[in-house]
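**Student:** Residue numbers (our numbering): 603 to 846.
Here's what the structure looks like:
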């Protein structure tokens with residue numbers, strides 16, 4: 603009996619000693635690595651940043667950069683070769699697109715339905731403006747250098763574009779011969795090349811701007827909560843009908 607009691611006492615003391623060692627080991631051990639917590643916090647920060655910059659805001663920032671470039675090119679072309687572009691179409695088109703992009707950036711950051719609706723209507727107006735500007739630029743491109751264009755811009759053709767001969771005219775040839783000693787043919791030719799290429803370049807730019815405006819219309823339409831909820835309900839009803 604005494605032996606059994608001694609062995610039981612030794613077993614209990616050994617277990618107590620092992621538990622004390624394990625507790626001391628756990629107390630002196632370093633804290634666990636919290637990489638998952640750090641990554642989750644960074645993911646939350648990224649998600650908050652991405653929520654602040656919505657797809658409407660990102661597309662509006664791209665449209666803002668493009669509108670600034672388009673408007674700058676329109677101002678430069680109007681200052682130097684305004685005769686080749688009619689009705690200042692590129693100027694008011696670039697201005698409408700610039701205002702639309704600024705409203706889109708504010709609407710994308712605030713995520714307000716009213717601003718999104720304003721951005722939607724301005725995007726539609728910007729698309730129409732780009733289309734009208736493209737038609738005007740195409741008409742200017744076809745008209746440049748013709749007899750009708752020279753008659754409309756007689757003063758400009760007589761002095762700045764004296765080297766241009768739209769059709770056979772002996773009076774025009776005599777005029778060119780008289781100016782050939784005092785004027786520069788190279789400058790006249792370079793001006794005509796720039797004036798002819800500017801409407802074609804703006805036609806390409808108008809196509810890109812119209813595409814961005816259409817994308818802005820679609821993106822702002824899908825971001826308005828008042829219109830997305832009925833669409834979601836309608837899609838849910840459609841799925842239930844298909845199940846039946």
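Don't be surprised by glycine CBs; every beta carbon is placed ideally from N, CA and C. All values derive from a computational prediction rather than experimental measurement.
(1) For a quick check, are the C-beta atoms of residue 675 and residue 803 less than 9 Å apart?
(2) Just reading off the alpha helix (DSSP H) that residue 702 is part of, what are its end residues?
(3) From 736, 763 and 740, pick the residue whose C-alpha is nearest to that of residue 749; which is it?
(4) So, are the CB atoms of residue 689 and residue 811 less than 9 Å apart?
(5) Tell me which residues share the same chain as residue 766 and place their Cβ nearer than 8 Å to its Cβ, disregarding the 5 neighbours each side in the sequence.
(6) Is it a yes or a no for the region 715 to 729 touching the region 765 to 783, going by three-plus beta-carbon pairs under 8 Å?
(7) So residue 665 and residue 823 are supposed to be a Cβ contact under 8 Å. How far apart are they, rounded?
(8) Taking only three categories from DSSP, how would you classify residue 626?
(9) Here's the rule: buried if 16 or more other CB atoms are within 10 angstroms of the residue's CB, otherwise exposed. What is residue 671?
(10) Does the CB of residue 715 have a neighbour CB from chain C at under 9 Å?
(11) How would you label residue 775, buried or exposed, when you count the other beta carbons within 10 angstroms and need 16 or more for buried?
(12) For residue 622, I'd like the list of residues in its chain whose CB is within less than 8 Å of its CB, leaving aside the five on either flank, ordered along the chain.
(13) Between 756, 685, 680 and 724, which lies nearest to residue 821 when the distance is taken from Cα to Cα?
(14) Following the continuous alpha helix (DSSP H) through residue 664, name the residue where it begins and the one where it ends.
(15) Taking residue 707 as the reference, give the member of 778, 685 and 658 with the closest Cα.
(16) So, helix, strand or coil for residue 742, using DSSP?
(17) In the DSSP assignment, find the unbroken alpha helix (DSSP H) run with residue 781 in it and report its ends.
(18) Within 10 angstroms of the Cβ of residue 771, are there 16 or more other Cβ atoms? Answer buried if so, exposed if not.
(19) Would you decide whether residue 827 is buried or exposed? Buried here means 16 or more other CB atoms lie within 10 Å of its CB.
(20) Indicate the three-state DSSP secondary structure (helix, strand or coil) for residue 792 in the structure shown.
(21) Find the nearest neighbour of residue 782 within the set 796, 736, 686 and 761, judged by alpha-carbon distance.
(22) Determine the extent of the alpha helix (DSSP H) in which residue 750 is found, giving its start and end residues.
**Tutor:** In short:
(1) In this structure, residue 675 lies near residue 803, with their beta-carbon atoms less than 9 Å apart.
(2) Note, residue 702: alpha helix (DSSP H), 691 to 712.
(3) That would be 763, whose Cα lies nearest to the Cα of residue 749.
(4) For residue 689 and residue 811, no; Cβs fall outside 9 Å.
(5) A distance below 8 Å between beta-carbons, with the five flanking residues on each side excluded, links residue 766 to the following residues of its chain, in chain order: 747, 752, 759, 790 and 794.
(6) No: the two stretches stay apart, fewer than three of their Cβ pairs being nearer than 8 Å.
(7) The distance from the Cβ of residue 665 to that of residue 823 is about 15 Å, inconsistent with a contact at the 8 Å cut-off.
(8) Low confidence applies to residue 626: its pLDDT is 46, below 50, so where it sits in the model is not reliable, and the reading given next is rough at best. Per DSSP, reduced to three states, the secondary structure at residue 626 is helical.
(9) It counts as exposed.
(10) The structure shown has no chain C; it contains just one protein chain.
(11) By the Cβ-count criterion, residue 775 is exposed, with fewer than 16 other Cβ atoms from all chains shown falling within 10 Å of its own Cβ.
(12) Its pLDDT being 47, under 50, residue 622 is placed unreliably by the model, and the measurement read from it follows with that caveat. Once the five neighbours on either side are set aside, residue 622 has no close Cβ partner at all.
(13) Nearest of 756, 685, 680 and 724 to residue 821, Cα basis: 724.
(14) Looking at the DSSP string, the run of the alpha helix (DSSP H) that includes residue 664 is 657 to 683.
(15) Comparing Cα-Cα distances from residue 707 to each of 778, 685 and 658, the minimum goes to 658.
(16) Residue 742 carries a helical assignment under DSSP once its states are collapsed to helix, strand and coil.
(17) Judged by DSSP secondary structure, residue 781 falls within the alpha helix (DSSP H) whose first and last residues are 772 to 781.
(18) Result: exposed.
(19) It counts as exposed.
(20) Looking at residue 792 - three-state DSSP - the assignment turns out to be helix.
(21) With distances taken between Cα atoms, residue 782 lies closest to 761.
(22) Segment 749 to 754, the alpha helix (DSSP H) holding residue 750.
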